[in-house]
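K.L.:
Heads up, the sequence shown is in my numbering, so the first residue is 46 and it goes up one at a time.
All residues carry an ideal CB built from backbone N, CA and C; glycine is no exception.
First the structure, then my questions, so here it is.
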Amino acid sequence: MDAIRVVGARENNLRDVTVEIPKGRLTVVTGVSGSGKSSLVFDTIAAESRRQLGEMLPAFARNRLTHQSQPDVDGLENLSAAVVVDQRRIGGNARSTVGTATDIAPLLRLLYSRVATPHVGYSPAFSFNDPSGMCPRCEGLGYVADIDLERLVDRDRSLDDGAIRMSAYQPGTYRWKRYVHSGLFDRAKPLREYRPDEWDLLLHAEEMTPPNPDREFPRTGTYLGVVPRFRRDYLAGGHSKVPQRVREEVERLVTRRPCPECDGARLNAAARAATIDGHTITDCSRLELGDLAAFLRTIEHPVAAPIVRAVVHRLDALVDVGLGYLSLDRETPTLSGGEAQRITLVRQLGSSLTDLTYILDEPSAGLHPHDVDRLIGLLRRLRDKGNTVLVVEHDRDVIAAADHVVEMGPGAGPAGGRVLYAGDVAGLLRSDTATGRALRSGPVPDRPPRRPTGELRITGASLHNLRGVDVSVPRGVLTAVSGVAGSGKSTLVTEVLPRAHPEVVVVDQSPPRGSRRSNPASYLGVLDLLRAAFAAANDVPAALFSPNSAGACPSCRGRGVIETDLAFLDPVTTVCEACGGSRFSDEALSHRLDGRTIAEVLALTVDEARAVLPAGRSALYRAADVGLGYLTLGQPLTTLSGGERQRLKLAAEPRVEGGVVVLDEPTAGLHPSDVAQLLQVLHGLVERGATVVVVEHDLDVIAQADHVIELGPGAGRDGGRVVFTGTPEELAAERGSITGRHLRRRLASEGQESHVPEPGGQQRGFPEPAGDGQGPTATSAPWCRGESASSTRATARSA
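See the structure below:
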């Protein structure tokens with residue numbers, strides 16, 4: 046019972062994997078991107094734990110839960126209940142905030158309902174999600190939405206030409222027919238020529254029955270102006286039932302401004318007026334979490350004491366994991382995956398349950414090395430409560446803190462899926478695996494920094510926590526922008542820089558758009574070219590070569606599998622016998638291009654396809670350049686790892702060649718060996734004339750950049766300033782830089798910067814294996830003991 050035992054796991058690319066995970070320990074599962082880490086941890090261990098927990102429920106309850114299929118594994122022994130904490134952002138809409146997600150907001154409302162003066166009522170009277178507390182003008186949203194008519198309508202077009210610039214109102218749609226067949230307008234006349242009464246009728250008319258509609262107007266239908274119809278369909282009641290694609294389209298047509306009645310506070314006048322020691326509940330919600338805890342500690346009231354203790358305990362936990370710069374009114378959709386994950390972990394620390402298995406997906410993503418130290422402490426606290434902590438991770442410091450390490454590999458996709466190493470950290474350092482070699486090597490800048498060819502100037506940037514930032518981003522070089530989490534990095538280069546210089550292309554961390562039927566071929570734009578080539582070669586419609594259209598297998602409707610619902614039993618998923626899993630109909634598979642069917646083409650890897658397919662070759666070469674040559678063209682996007690999805694987005698963006706591209710943490714989800722390959726791609730882009738800017742914490746990337754910009758010195762209100770600009774060598778010598786201190790430690794440990802000692806005389810980092818070939822013992826080096834450098838606040842340096 047002292048280990049979770051996996052026997053014969055074959056999920057996705059796993060090759061009959063048998064491995065043991067010690068219970069009550071911190072185990073890190075690592076390996077190159079796509080090697081099978083997630084397949085082992087999430088798709089096998091976590092999936093089976095959840096499935097078996099579901100089986101313990103009554104049949105009535107099981108039938109109402111999401112069905113969990115049994116993973117492809119011979120056996121799983123000694124499982125415990127799994128708590129999965131992944132990188133998905135906290136769900137919700139504009140009504141979901143840090144306060145509601147952490148359950149601090151209900152406690153704060155309770156406090157104000159008991160202690161605040163004047164007395165307002167029960168705690169719902171302080172809730173912007175309750176009718177008794179919300180602002181009546183904005184209904185608790187804090188803003189009012191206005192339709193931008195200049196974006197919504199094209200005055201130079203007629204209704205027949207698509208004057209209403211939204212897909213749901215384009216010619217041929219049922220909404221469009223309500224206007225052209227109403228008999229109220231000359232459908233061929235440009236909107237610019239409308240009389241004032243016609244313009245008002247088109248845009249603002251209330252619901253009515255048109256007097257003389259033509260025969261195609263719905264017999265029982267009514268007419269409603271574009272603006273009130275738009276408000277009713279897309280703005281009233283939020284976006285909860287609007288598809289994501291339409292929601293994004295609506296966002297482009299709407300402008301928002303703070304509610305004129307509550308000024309963004311969300312609450313009605315009574316709730317806004319009640320105070321405790323001069324602070325309203327709105328004031329508290331806008332304070333940074335550390336400042337809020339300090340204020341609450343000053344409240345002296347016997348009724349308040351137990352509530353204050355509960356709130357301060359939670360606030361202190363959030364501050365301890367580096368989230369003190371957040372505020373309770375911060376909307377959860379704006380949180381990064383790493384911030385969301387740490388919030389979830391803090392909630393788990395408050396639980397009294399033990400003997401659980403906590404499964405985390407790259408918790409260091411988005412964290413500066415300075416913040417990783419706090420994360421490690423959090424993971425150890427979960428372990429020390431008597432739990433098993435299982436982490437999929439690439440970060441060197443997190444690996445160093447592990448009690449046990451499992452490495453998957455040796456390659457990605459079909460070349461992976463095997464256990465290469467299982468044991469302690471000292472043994473991993475001696476191993477000849479990709480991780481062992483990467484940990485023994487360091488960032489070796491092998492060339493002088495490039496000379497800029499110009500600059501992208503930012504002046505007076507004050508968005509979010511930026512404090513009048515003036516900085517120049519050099520052209521023609523690789524620039525790394527670093528700083529602790531919340532210091533303003535992403536705000537500066539993914540929001541301010543593109544506004545100042547519209548030619549900038551931003552490749553962020555959001556997943557590629559598409560459904561579960563999307564694949565690399567469709568995302569790269571290759572699939573349409575392939576269908577056109579098949580259609581031309583066989584003189585048939587291109588739709589015949591789409592499994593989502595005319596070419597779909599009639600038995601499985603283009604899904605490739607048949608799922609049989611067995612009510613309260615697990616659903617049975619089988620490969621479709623009619624198409625053999627290809628998703629295509631017999632007619633579609635009867636046609637060939639250069640001897641291959643469409644299904645056979647989609648089974649090719651990117652490397653194979655670029656050698657034989659002329660269609661989309663440039664996109665395929667870009668995908669291979671970013672290390673995705675092993676992916677098959679038809680692999681569902683939903684099966685890709687986070688690192689694979691981000692590199693696919695980079696490959697799909699042709700404007701990066703010779704342009705200005707910003708990448709938001711491109712090493713997220715990448716193994717150190719994958720980072721080395723990514724660096725080759727970035728340097729190659731620069732050599733071909735591009736300007737590359739990366740928001741990054743990875744020290745390998747920072748060390749090999751031509752130029753570094755560091756923001757800080759802290760997070761939130763303590764950040765938002767440029768504390769350093771210069772070369773990586775200059776950064777390593779900068780005594781007041783947090784990033785410089787960690788870079789100096791890495792370089793010093795590798796002998797690259799031995800002349801720049803760690804303050805206090807210590808040099809930290811990864812030890813080389815001992816000369817006798819046995820390597821270091823688990824206690825022979827600070828790195829192997831999982832120690833971390835002491836933290837000091839960086840002092841500001843003028844850029």
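Could you give the residue range of the alpha helix (DSSP H) that holds Tyr-466?
P.N.:
Where Tyr-466 is concerned, there is no enclosing alpha helix (DSSP H), although the beta strand (DSSP E) it sits in stretches over 463-468.
K.L.:
Counting along the chain, where does the alpha helix (DSSP H) carrying Glu-500 start and finish?
P.N.:
Counting along the chain, Glu-500 falls outside any alpha helix (DSSP H), though it belongs to the beta strand (DSSP E) covering 499-506.
K.L.:
What does DSSP give as the partner residue(s) for Leu-401 in the beta ladder?
P.N.:
The partner list for Leu-401 (beta bridge, DSSP) is empty, contrary to what the question assumes.
K.L.:
What is the rounded straight-line gap between the Cα of Ala-315 and the Cα of Gly-309?
P.N.:
If you take the alpha carbons of Ala-315 and Gly-309, they lie about 15 Å apart.
K.L.:
Between which two residues does the beta strand (DSSP E) harbouring Ile-209 extend?
P.N.:
Careful: Ile-209 lies outside any beta strand (DSSP E) and carries neither H nor E.
K.L.:
Rounded to a whole number of angstroms, what is the C-alpha to C-alpha distance between Ser-141 and Glu-376?
P.N.:
Roughly 6 Å separates the two Cα atoms.
K.L.:
Does the structure place the stretch 203-220 close enough to the stretch 349-364 that three or more beta carbon pairs sit under 8 Å?
P.N.:
Because the criterion of three Cβ pairs below 8 Å is not met, the stretch 349-364 and the stretch 203-220 do not touch.
K.L.:
For Asp-47, collect the residues of the same chain with a Cβ closer than 7 Å to its Cβ; drop the 5 residues on either side in sequence, then sort them by chain order.
P.N.:
Correct list, in chain order: Pro-67 and Lys-68.
K.L.:
Measure the C-alpha to C-alpha separation of Gln-797 and Thr-677 and round it to an integer number of angstroms.
P.N.:
Residue confidence for Gln-797 is low, a pLDDT of 41 falling below 50, so the modelled location carries little weight and cannot support an answer.
K.L.:
Is it right to say Pro-241 is buried, meaning 16 or more other beta carbons lie within 10 angstroms of its own, or is it exposed?
P.N.:
Pro-241 should be labelled exposed.
K.L.:
With DSSP as the reference, identify every bridge partner of Gly-367, one or two as the case may be.
P.N.:
Partner(s): none; Gly-367 has no beta bridge.
K.L.:
On a Cα-Cα basis, can you pick out the residue from Leu-153, Val-701, Leu-363 and Ser-84 that is closest to Ser-324?
P.N.:
Here the sequence assigns His to residue 324, which means Ser is not the residue at that position. Here the closest residue by C-alpha is Leu-153.
K.L.:
Would you decide whether Gly-395 is buried or exposed? Buried here means 16 or more other CB atoms lie within 10 Å of its CB.
P.N.:
It is exposed - the Cβ of Gly-395 has fewer than 16 other Cβ atoms within 10 Å.
K.L.:
By Cβ distance, which residues of its chain are closer than 7 Å to Asp-193, with the 5 residues on each side in sequence left out?
P.N.:
Around Asp-193: Leu-298, Val-299 and Thr-300.
K.L.:
As a quick exercise: from Phe-262, Ala-318, Val-86 and Ser-718, pick the residue whose alpha carbon is nearest that of Pro-455.
P.N.:
Here the closest residue by C-alpha is Ser-718.
K.L.:
Sorted by chain position, which residues of the same chain lie with C-beta nearer than 7 Å to Phe-613's C-beta, five sequence neighbours on each side aside?
P.N.:
Because the pLDDT at Phe-613 is just 47, under 50, the model does not fix this residue reliably, and the point stays unresolved.
K.L.:
Have a look at the DSSP bridge pairing and note the partners of His-752.
P.N.:
According to DSSP, which records beta bridges pairwise, His-752 is partnered with Thr-524.
K.L.:
Count the CB pairs spanning the stretch 385-393 and the stretch 413-429 that are closer than 8 Å, and state whether there are at least three.
P.N.:
Yes, the stretch 385-393 is in contact with the stretch 413-429.
K.L.:
Nearest by alpha-carbon distance to Arg-502: which of Ala-483, Arg-544 and Tyr-239 is it?
P.N.:
Nearest of Ala-483, Arg-544 and Tyr-239 to Arg-502, Cα basis: Arg-544.
K.L.:
Of the choices Ala-318, Phe-275 and Ser-527, whose alpha-carbon is the least far from that of Val-753?
P.N.:
The shortest Cα separation from Val-753 among Ala-318, Phe-275 and Ser-527 belongs to Ser-527.
K.L.:
Would Leu-186 and Ala-139 qualify as a contact pair, given that the criterion is a beta-carbon distance under 8 Å?
P.N.:
Yes, these two residues count as a Cβ contact at 8 Å.
K.L.:
With DSSP as the reference, label Arg-196 as helix, strand or coil.
P.N.:
Helix.
K.L.:
If I'm right that Leu-523 touches Ala-750 with Cβ under 8 Å, what's the distance once you round it to whole angstroms?
P.N.:
Between Ala-750 and Leu-523 the Cβ distance is about 5 Å, and since that is below 8 Å, they are a contact.
K.L.:
According to DSSP, is Val-348 helix, strand or coil?
P.N.:
Coil.
K.L.:
Can you list, in chain order, the residues of its chain with a C-beta nearer than 7 Å to that of Val-549? Leave out the 5 residues immediately preceding and following it.
P.N.:
Closer than 7 Å at Cβ, skipping near neighbours: Leu-542, Pro-543, Val-705 and Val-707.
K.L.:
Give every residue of the same chain whose Cβ lies closer than 7 Å to the Cβ of Gly-335, excluding the five residues on either side of it in the sequence, and list them in chain order.
P.N.:
So the qualifying residues of the chain are Val-364 and Gly-369.
K.L.:
What residue ranges within the stretch 157-189 form continuous beta strand (DSSP E) runs of no fewer than 3 residues, ordered along the chain?
P.N.:
List check, beta strand (DSSP E) in window: nothing returned.
K.L.:
Can you confirm whether Glu-384, when its beta carbon is compared against all beta carbons of chain C, has any partner nearer than 8 Å?
P.N.:
Any reference to chain C falls outside this structure, which holds one protein chain only.
K.L.:
Short of 6 Å in beta carbon distance, which residues of its chain neighbour Ser-635, apart from the five on each side in sequence? Order them along the chain.
P.N.:
Here the set comprises nothing.
K.L.:
Report the rounded CA-to-CA distance for Arg-196 versus Phe-275, giving the unit in angstroms.
P.N.:
Distance between the alpha carbons of Arg-196 and Phe-275: 13 Å.
K.L.:
Looking only at its chain, what residues have a beta carbon closer than 6 Å to the beta carbon of Gly-596, apart from the 5 residues adjacent to it on each side?
P.N.:
Result list for Gly-596: Leu-589, Phe-590, Phe-629, Ser-630 and Ala-633, in chain order.
K.L.:
For Asp-47, name the three-state secondary structure that DSSP assigns.
P.N.:
In this structure, Asp-47 counts as coil in the three-state DSSP scheme.
K.L.:
Between the beta-carbon of Arg-520 and the beta-carbon of Gly-499, is there less than 8 Å?
P.N.:
In contact: Arg-520 and Gly-499 (Cβ atoms closer than 8 Å).
K.L.:
Taking the alpha-carbon positions, what's the Val-74 to Val-450 distance?
P.N.:
Rounded to whole angstroms, Val-74 to Val-450 spans 6 Å at the Cα level.
K.L.:
Does DSSP classify Arg-766 as helix, strand or coil?
P.N.:
Of the three classes helix, strand and coil, the one that applies to Arg-766 here is strand, per DSSP.
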